[in-house]
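In this note's numbering, the protein residues as written are 2 to 292. Glycine included, every Cβ here is placed at the ideal spot set by N, Cα and C. Scroll down for the structure; my scribbles are underneath it.
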């Protein structure tokens, strides 16, 4: 029995969105049709493709291996469609975008949505390591990541240069300093982002190299949570400069031992770079970063 293009399309969109309903919306068909396509594909393969949890659908190993192929087919189909019909008007469509910090991702998404209001964006904040795994698995269209490194089959467009900064409540004694020594921060309750984050990796590496011991740490999930924790007086944190929306209640100060520049990029699978939505997003990002 030949696997139909409809089955491949349904599977690919479910994998991308981790949702049958969102896949149905993306394809313009009913949820029951998507479910039927998946059932036929699973029967043909003799393998379960997704496990359902409260948080959504989790792809199995066979699904991950299959997606690495079907996603390329779907990209080619989209490229063909753009050549044939009026899809190039960018009047409607879908993009999956991830980032390891709220900014500069959110200002870019806001501008892109203003320009192309018909394009639906699924956006997630992820730890650096998880984001890189998603990019390597071709599980996203766009990633805005600091220091992604060179990966085969990936296109990069440099956005900006940033560095790690201490973030403190404005009335904190250390906030009066122009620059802060990491050893001084280490005596405070330190807020660090989760395992796999660029920030945690760099802070722990620098502390180990300098022989600095952190007295007390609290792990948080993302930069927005870290910001809220600082605002509530739970501790002091370290994050990338300009990665969160400014607040009059907090200040950011350079850290002596972390005076290193990092580059942030827009990243996408190379073959997806020819998709008009992806090109439009990169162009929007370039305009947002223009002086």
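Other residues of its chain near residue i: CB distance less than 7 Å, five sequence neighbours each side excluded
i	result
residue 88	Only weak support exists for where residue 88 lies, its pLDDT of 49 falling under 50; the coordinates are left without a value.
residue 189	236, 237
residue 16	60, 64, 68
Three-state secondary structure (DSSP) of residue i
i	result
residue 77	helix
residue 12	helix
residue 117	coil
residue 55	coil
residue 274	helix
residue 63	helix
Beta-bridge pairing of residue i - partner residues as DSSP gives them
i	result
residue 159	266
residue 170	251
residue 125	99
residue 217	190
residue 144	99, 268
residue 240	166
residue 256	181
Buried versus exposed, by CB contacts within 10 Å (16 or more), residue i
i	result
residue 247	exposed
residue 146	buried
residue 101	buried
residue 137	exposed
residue 162	exposed
residue 119	exposed
Same chain, Cβ closer than 8 Å to residue i, five either side skipped, listed in chain order
i	result
residue 348	With the chain running from 2 to 292 in the structure shown, residue 348 is simply not present.
residue 271	154, 155, 156
Residue j beta carbon less than 9 Å from that of residue i
i	j	result
residue 279	residue 273	yes
residue 219	residue 230	yes
residue 132	residue 144	yes
residue 39	residue 28	no
residue 1	residue 251	Because the chain spans 2 through 292 in this model, residue 1 falls outside it and cannot be assessed.
residue 195	residue 223	yes
residue 23	residue 123	yes
residue 225	residue 103	yes
residue 160	residue 192	no
residue 183	residue 207	yes
Close Cβ partners of residue i (< 6 Å) along its chain, the five nearest in sequence each way excluded
i	result
residue 72	13, 139
residue 107	none
heavy atom of the ligand SAM below 8 Å from residue i C-beta
i	result
residue 109	The ligand SAM is absent from the structure shown, which contains no ligand whatsoever.
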